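Engineer: Before I ask anything, here is the structure I am working with.
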Amino acid sequence: MDELALQGLASLVLVADAEAQARAAQFVEQLKQSADGWKICAQGFTCGSYHQNDHVKFFCLQVCEYYARSGYLAANPENVATMKSFLLTCLEMESNVATQSKTFIRNKLAQLVSLVFITDFQHRWPLFFTDILSTLSRGPLAVDMYLRILMAIDAEVVDRDIAHTQEEAQRNSMIKDAMRERCVNALADSWYQVMTTYDTTQPDVVSLCLEVTGRYVSWMDIGYFANDRMVELLLKFLKVENLRESACDCVHEIISKGMEPVAKTSLIESFMTVLDSAGIFKTEDDDCEFLCKLSKLINGVGLGLIASWQKLSKNGMCKNSEATMRALESKIPYMLRYLGDEDDDVSDYVIEFATEYIALVKSLPSMSQIHKKHIEGLLFTIIKKMKYDSGYNFEKEGEEEAEFQEYRKQVRVIFNNIASLDTQMILIQVHELVSQTLPRWESLDFRDVEIAITLLYSLGEALPAAHGQHFSGNPEKASALQNMMRILITSQVSRKGHIAVLLQFFETVVRYDRFFVCESQHIPPVLMAFLDERGLRHPSAKVRSRVAYLFLRFVKSTKTHLTPYLEDVLKQMQDLLQVHSPDNGLIHSLSDSDQLFIYETASTLIVSSSVEPEKKQALMKQLLLPIATKFNIMLSRLTEERDEKRQQEYAECIHNAIALASRASKGFSGQQTMKQCGCVTAFTELLSIFLAALEVTNQRASLHQGVRQYLHRMVVCLEEEIMPFLPEAMERLLKQPDARELYDFLPLVNQVIMKFKANITPFLTQVFMPLVVTIYQVLNTPVDLNDHCSAEEKKLLQRGYFLLLATIVCNCIDVLKAQDMQNLNQVLMSLIQGAVDLPDPQSQKCCFSTLKKLIELWGGKEALPGFPEFIYKEIVPACFMAPMKPTFDLADGQTTLVLGESALCMQEILQQRGVEFLEFLKSDFFPSKGISAESGECYLVNLQTGIKPYRTWLKKFFMQAKS
Numbered sequence: 018m019d020e021l022a023l024q025g026l027a028s029l030v031l032v033a034d035a036e037a038q039a040r041a042a043q044f045v046e047q048l049k050q051s052a053d054g055w056k057i058c059a060q061g062f063t064c065g066s067y068h069q070n071d072h073v074k075f076f077c078l079q080v081c082e083y084y085a086r087s088g089y090l091a092a093n094p095e096n097v098a099t100m101k102s103f104l105l106t107c108l109e110m111e112s113n114v115a116t117q118s119k120t121f122i123r124n125k126l127a128q129l130v131s132l133v134f135i136t137d138f139q140h141r142w143p144l145f146f147t148d149i150l151s152t153l154s155r156g157p158l159a160v161d162m163y164l165r166i167l168m169a170i171d172a173e174v175v176d177r178d179i180a181h182t183q184e185e186a187q188r189n190s191m192i193k194d195a196m197r198e199r200c201v202n203a204l205a206d207s208w209y210q211v212m213t214t215y216d217t218t219q220p221d222v223v224s225l226c227l228e229v230t231g232r233y234v235s236w237m238d239i240g241y242f243a244n245d246r247m248v249e250l251l252l253k254f255l256k257v258e259n260l261r262e263s264a265c266d267c268v269h270e271i272i273s274k275g276m277e278p279v280a281k282t283s284l285i286e287s288f289m290t291v292l293d294s295a296g297i298f299k300t301e302d303d304d305c306e307f308l309c310k311l312s313k314l315i316n317g318v319g320l321g322l323i324a325s326w327q328k329l330s331k332n333g334m335c336k337n338s339e340a341t342m343r344a345l346e347s348k349i350p351y352m353l354r355y356l357g358d359e360d361d362d363v364s365d366y367v368i369e370f371a372t373e374y375i376a377l378v379k380s381l382p383s384m385s386q387i388h389k390k391h392i393e394g395l396l397f398t399i400i401k402k403m404k405y406d407s408g409y410n411f412e413k414e415g416e417e418e419a420e421f422q423e424y425r426k427q428v429r430v431i432f433n434n435i436a437s438l439d440t441q442m443i444l445i446q447v448h449e450l451v452s453q454t455l456p457r458w459e460s461l462d463f464r465d466v467e468i469a470i471t472l473l474y475s476l477g478e479a480l481p482a483a484h485g486q487h488f489s490g491n492p493e494k495a496s497a498l499q500n501m502m503r504i505l506i507t508s509q510v511s512r513k514g515h516i517a518v519l520l521q522f523f524e525t526v527v528r529y530d531r532f533f534v535c536e537s538q539h540i541p542p543v544l545m546a547f548l549d550e551r552g553l554r555h556p557s558a559k560v561r562s563r564v565a566y567l568f569l570r571f572v573k574s575t576k577t578h579l580t581p582y583l584e585d586v587l588k589q590m591q592d593l594l595q596v597h598s599p600d601n602g603l604i605h606s607l608s609d610s611d612q613l614f615i616y617e618t619a620s621t622l623i624v625s626s627s628v629e630p631e632k633k634q635a636l637m638k639q640l641l642l643p644i645a646t647k648f649n650i651m652l653s654r655l656t657e658e659r660d661e662k663r664q665q666e667y668a669e670c671i672h673n674a675i676a677l678a679s680r681a682s683k684g685f686s687g688q689q690t691m692k693q694c695g696c697v698t699a700f701t702e703l704l705s706i707f708l709a710a711l712e713v714t715n716q717r718a719s720l721h722q723g724v725r726q727y728l729h730r731m732v733v734c735l736e737e738e739i740m741p742f743l744p745e746a747m748e749r750l751l752k753q754p755d756a757r758e759l760y761d762f763l764p765l766v767n768q769v770i771m772k773f774k775a776n777i778t779p780f781l782t783q784v785f786m787p788l789v790v791t792i793y794q795v796l797n798t799p800v801d802l803n804d805h806c807s808a809e810e811k812k813l814l815q816r817g818y819f820l821l822l823a824t825i826v827c828n829c830i831d832v833l834k835a836q837d838m839q840n841l842n843q844v845l846m847s848l849i850q851g852a853v854d855l856p857d858p859q860s861q862k863c864c865f866s867t868l869k870k871l872i873e874l875w876g877g878k879e880a881l882p883g884f885p886e887f888i889y890k891e892i893v894p895a896c897f898m899a900p901m902k903p904t905f906d907l908a909d910g911q912t913t914l915v916l917g918e919s920a921l922c923m924q925e926i927l928q929q930r931g932v933e934f935l936e937f938l939k940s941d942f943f944p945s946k947g948i949s950a951e952s953g954e955c956y957l958v959n960l961q962t963g964i965k966p967y968r969t970w971l972k973k974f975f976m977q978a979k980s
């Protein structure tokens with residue numbers, strides 16, 4: 018490798034295509050691996066030939082950095098001298114305007130210098146800082162480079178956010194000790210000199226120097242920073258517009274330094290005194306960035322004093338802890354000022370201080386008057402801050418709105434914390450706000466109204482058992498919360514009309530549903546609000562959508578009180594129940610997903626009412642009639658349509674219609690079943706209609722999915738009434754299915770088996786083998802080797818098949834018993850194959866688990882004819898063959914579970930066959946597999962222990978066998 022390599026690199030980086038970039042990267046890798054590649058790059062960087070080529074310069078430093086990290090520690094004296102000379106030459110070049118590099122290259126160079134520093138400082142380059150400091154006289158560019166090097170050293174040696182090995186941490190500790198001994202005084206002096214020399218001419222350099230100073234505070238003596246000359250300088254900079262933010266950050270780092278609590282309190286107080294005297298916190302400036310820095314500073318002050326008080330209190334130092342508490346209390350007004358700032362970014366910086374202060378007060382035996390005053394001030398401040406800004410866009414929430422909502426969540430946490438500290442105060446203040454605001458909603462800004470309702474809503478999280486014990490049927494025992502809810506309803510504040518007010522109103526009435534159980538006379542106006550232009554018919558889709566969900570929750574929680582309003586509510590909901598279609602040309606007020614809530618709501622109203630079953634049946638049929646009508650029309654049009662896009666639209670409409678019927682079935686429960694409500698016919702008639710969709714080939718996947726979904730719901734809701742429909746449904750669903758359809762169908766079969774068990778056995782006996790044959794036909798269908806999607810679907814189908822067998826074995830074993838021997842043997846062998854040959858731990862685990870159950874059922878005294886022979890011939894070998902497969906990873910957690918299931922199989926055989934099994938292993942199986950008598954005896958001993966020790970031993974047994 019020589020100069021030609023760099024020339025080639027220089028020419029390549031000028032070309033933009035990917036091939037040239039790849040070749041450039043290859044050049045760099047070759048240079049990295051070459052013993053002298055770094056020297057070529059060092060020469061290339063300093064020779065001047067590539068001064069205008071930033072890419073080459075950066076690549077050169079990358080190669081040198083690679084050497085510094087990987088090989089420099091073992092460098093010979095000649096290479097050490099070469100590296101030192103190279104770096105000093107670089108620093109000289111970077112001091113010159115004519116040869117200075119761009120910022121990203123200067124940062125990379127600083128990183129390289131820091132890597133050499135951590136290797137050489139203590140032994141091979143003890144005068145490192147003397148040499149670096151000597152460059153400062155070259156001017157501001159040299160100073161800038163010096164400061165960047167110190168930043169890079171901090172990143173390598175001090176930065177706690179960077180993970181270090183124990184060896185690196187020990188090295189870094191020794192470096193800091195050596196620096197404290199040799200050079201920190203010179204460093205601190207250099208920072209002061211830099212800042213006083215360039216304070217009026219080079220603000221960027223001074224800002225960088227302030228950042229460096231702040232970085233080094235954590236491990237240098239505080240005396241270098243908390244002294245007259247430095248404090249005077251910082252105060253000066255805090256009044257200079259382009260330096261004050263950096264100065265503020267520097268002060269924050271100084272007061273955040275880890276110290277003994279008494280010294281820490283003293284440091285903070287002295288800084289706060291001089292800052293106050295200088296009027297730093299009295300600034301009327303509206304510069305948000307600077308106010309954020311001041312807020313961050315006050316946050317650091319507060320957290321520092323809280324930590325000091327906690328340490329002093331823990332150590333029983335009462336006098337000192339009292340002084341620290343007084344110091345802390347005097348900082349609360351600052352915290353409240355910044356917490357209440359108009360800009361949320363400024364406020365956000367002191368939220369931690371506010372939160373920790375509440376926690377501190379909560380830890381005290383009692384709350385003093387001054388604490389109570391501060392907590393009240395904190396409550397008033399956060400109430401103000403929770404209000405929406407006038408520019409908030411409720412219809413189209415963007416990034417700014419999302420940020421405010423996140424901020425509001427944090428402020429609400431403070432509200433909750435205050436509530437846990439002083440419940441009575443929160444209740445009094447919120448009650449006062451609600452009672453003064455809501456009755457006057459017409460004359461107030463929506464933001465004042467919204468915050469009153471929001472705080473009422475927030476009490477549900479803030480107060481213990483707010484949903485229960487605060488509501489009573491006895492008016493004399495009515496709580497403040499119950500009174501507030503009464504004001505919310507009777508004030509008619511829901512007519513304010515603003516989105517924020519409306520949504521918060523509906524959220525609140527749903528949260529406090531217990532109120533309506535106690536005072537059910539307030540249900541009608543709330544129902545009306547849900548149903549009119551304030552709720553489901555509001556102009557905003559956002560409001561309609563949320564209200565559709567909340568209305569369902571409200572109906573579910575108050576359903577026992579809604580019978581008097583049943584028919585009127587259903588009548589008012591009628592237009593909302595119309596099934597959407599691509600042909601009706603209407604602008605739908607509710608989306609398909611919103612309409613699902615509406616159908617469940619209507620169904621819940623009918624089912625939970627106290628009307629007779631005949632009436633419920635009539636109302637339910639009336640509810641479902643639009644579905645049946647629309648389904649038949651759309652199915653007819655789908656079969657006739659030739660345009661694929663139009664077909665898809667019709668199929669989506671059909672799918673949605675079926676989904677609405679499925680959702681309506683959720684109105685029933687274990688206490689109010691479909692049969693008890695007299696609604697069976699309404700849903701079975703729909704089922705017979707829906708089955709026609711399974712004969713349509715257009716958009717098959719969507720239609721099948723919808724019908725399967727409905728069948729799942731009917732299996733849950735119906736009893737024997739569904740049985741006549743199952744043969745036809747299964748027959749149609751199994752016509753030429755693909756792997757995905759078949760996989761999605763099997764859970765339905767499992768659901769039917771688990772619910773009906775013996776009742777389904779005759780039918781399942783007939784369809785079992787055709788179903789198995791269909792599954793294997795699909796599994797054996799050839800697919801493209803690169804078609805990973807199809808491969809995954811087949812893998813899922815195999816899992817589904819084994820789960821089906823497991824379900825049959827556990828619920829209706831007679832289905833297998835009824836099969837002829839040849840078919841049964843094929844099924845049993847498929848379990849053996851799945852347990853041994855499939856590289857899929859989930860399937861293997863299921864197979865071994867099913868085999869264990871079969872052994873339990875058929876392997877004992879009343880064994881199924883021929884099954885004991887199957888145990889010895891197939892199951893026992895499978896328990897040994899599977900773990901010996903190369904794909905059986907004994908280090909994998911899932912595979913270990915498979916081994917555990919196989920172990921359970923072996924112990925179940927022992928349980929069922931006893932001594933006969935032990936003799937078979939000893940005299941027949943072990944000799945045939947070449948297992949020595951000693952190993953066989955060891956196996957038999959462990960087999961007869963408990964499952965846990967046997968499983969642990971078995972894992973070691975197979976690991977040793979495979980090694």
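Add 17 to a position in the sequence shown, counting from 1, and you land on the number used in the numbering used here. Just so you know, even glycine gets a beta-carbon here, dropped at the ideal spot from N, CA and C. As the structure is a computational prediction, the values presented were derived from the model and not from experiment.
1. Can you look up Q836 in the DSSP assignment and give me helix, strand or coil?
2. Suppose contacts are defined by Cβ-Cβ distances below 9 Å. Is V204 in contact with Y233 by that definition?
3. In the DSSP assignment, find the unbroken alpha helix (DSSP H) run with T116 in it and report its ends.
4. So, for S807: in the same chain, excluding its five sequence neighbours on each side, which residues have a beta-carbon less than 6 Å away from its beta-carbon?
5. Does DSSP classify G602 as helix, strand or coil?
6. Just mark P94 as buried or exposed, buried being the case when its beta carbon has 16 or more other beta carbons within 10 Å.
7. If you check the beta carbons only, do M651 and A674 fall under 9 Å apart?
8. Tell me, please, whether the segment 436 to 452 touches the segment 494 to 512 by the rule of three or more beta-carbon pairs shorter than 8 Å.
9. What does the alpha-carbon distance come out to for the pair D755 and H72?
10. For A619, count neighbouring Cβ atoms within 10 angstroms of its own Cβ and tell me buried if that reaches 16, exposed if not.
11. Using the beta-carbon count (16 or more within 10 Å), is R531 buried or exposed?
12. Under three-state DSSP, which class holds P779?
13. Could you compute how far the alpha carbon of F785 sits from the alpha carbon of V832?
14. Alpha carbons only, please: which of L655, M901 and A159 is nearest the one belonging to C107?
15. When burial is assigned at 16 or more other CB atoms within 10 Å of the CB, is E702 buried or exposed?
16. Short of 8 Å in beta carbon distance, which residues of its chain neighbour L255, apart from the five on each side in sequence? Order them along the chain.
17. Assign D761 to buried or exposed, taking buried as 16 or more other Cβ atoms, counted over all protein chains shown, within 10 Å of its Cβ.
18. Where does the unbroken alpha helix (DSSP H) through P541 begin, and where does it stop?
19. With a 10 Å radius around its C-beta and 16 neighbouring C-beta atoms as the bar for buried, classify H805 as buried or exposed.
20. Going by the CB atoms, is the gap between M276 and I323 shorter than 9 Å?
21. For the alpha helix (DSSP H) that contains K299, what are its first and last residues?
22. Note down the Cα distance separating I410 from E423, rounded to an integer number of angstroms.
23. Residue ranges of each alpha helix (DSSP H) run of no fewer than 4 residues wholly in the segment 302 to 344, ordered along the chain?
24. Per DSSP, what kind of secondary structure is Y67 in: helix, strand or coil?
25. Roughly how many angstroms lie between the CA atoms of R287 and D171, to the nearest whole one?
26. Is there contact between the segment 43 to 53 and the segment 75 to 82, where contact requires at least three CB pairs shorter than 8 Å?
27. In its own chain, which residues sit with a C-beta less than 7 Å from the C-beta of T116, not counting the 5 before and 5 after it?
28. By Cβ distance, which residues of its chain are closer than 7 Å to N316, with the 5 residues on each side in sequence left out?
29. Taking the alpha-carbon of P858 as reference, which of K870, K811, G910 and Y818 has the nearest alpha-carbon?
30. Considering Cα atoms alone, identify which of Y529, E536, Y582 and N959 is closest to L567.
31. Would you tell me roughly how many angstroms separate the C-alpha atoms of G602 and I504, rounded to the nearest one?
32. Straight-line CA distance for K709 to F463?
33. Within its chain, find whatever has a CB closer than 6 Å to the CB of G851; leave out the 5 residues flanking it on each side and keep chain order.
Structural biologist: The answer reads as follows:
1. coil
2. The sequence as given places Leu at residue 204; Val does not occur at that position. It is a contact, given that the beta carbons lie within the stated cut-off.
3. Note, T116: premise wrong, no alpha helix (DSSP H); not H, not E.
4. V800
5. Because the pLDDT of G602 is 47, which lies under 50, any placement of that residue in the model is unreliable, and the number read from its coordinates should be weighed accordingly. The answer is coil: DSSP assigns G602 none of H, G, I, E or B.
6. exposed
7. yes
8. yes
9. 55 Å
10. buried
11. buried
12. helix
13. 8 Å
14. A159
15. exposed
16. R261, A264, C265, V268, L292, A295 and I297
17. buried
18. I540 to L548
19. exposed
20. no
21. It is not in any alpha helix (DSSP H) - K299 carries neither H nor E in the DSSP assignment.
22. Correcting the residue type first, residue 410 is Asn in the shown sequence and not Ile. Rounded to whole angstroms, N410 to E423 spans 15 Å at the Cα level.
23. 305 to 331
24. coil
25. As written in the sequence, residue 287 is Ser, which differs from the Arg given in the question. Cα-Cα distance, rounded: 28 Å.
26. yes
27. H68 and M110
28. Y366, V367, E369 and F370
29. G910
30. Y529
31. With a pLDDT of only 47 at G602, under 50, the local geometry of the prediction cannot be trusted, and the value read off the model is given with reservation. Cα-Cα distance, rounded: 43 Å.
32. Reading off the sequence shown, one finds Ala at residue 709, where the question assumed Lys. For A709 and F463, the distance between alpha carbons rounds to 53 Å.
33. F819, S860 and C864
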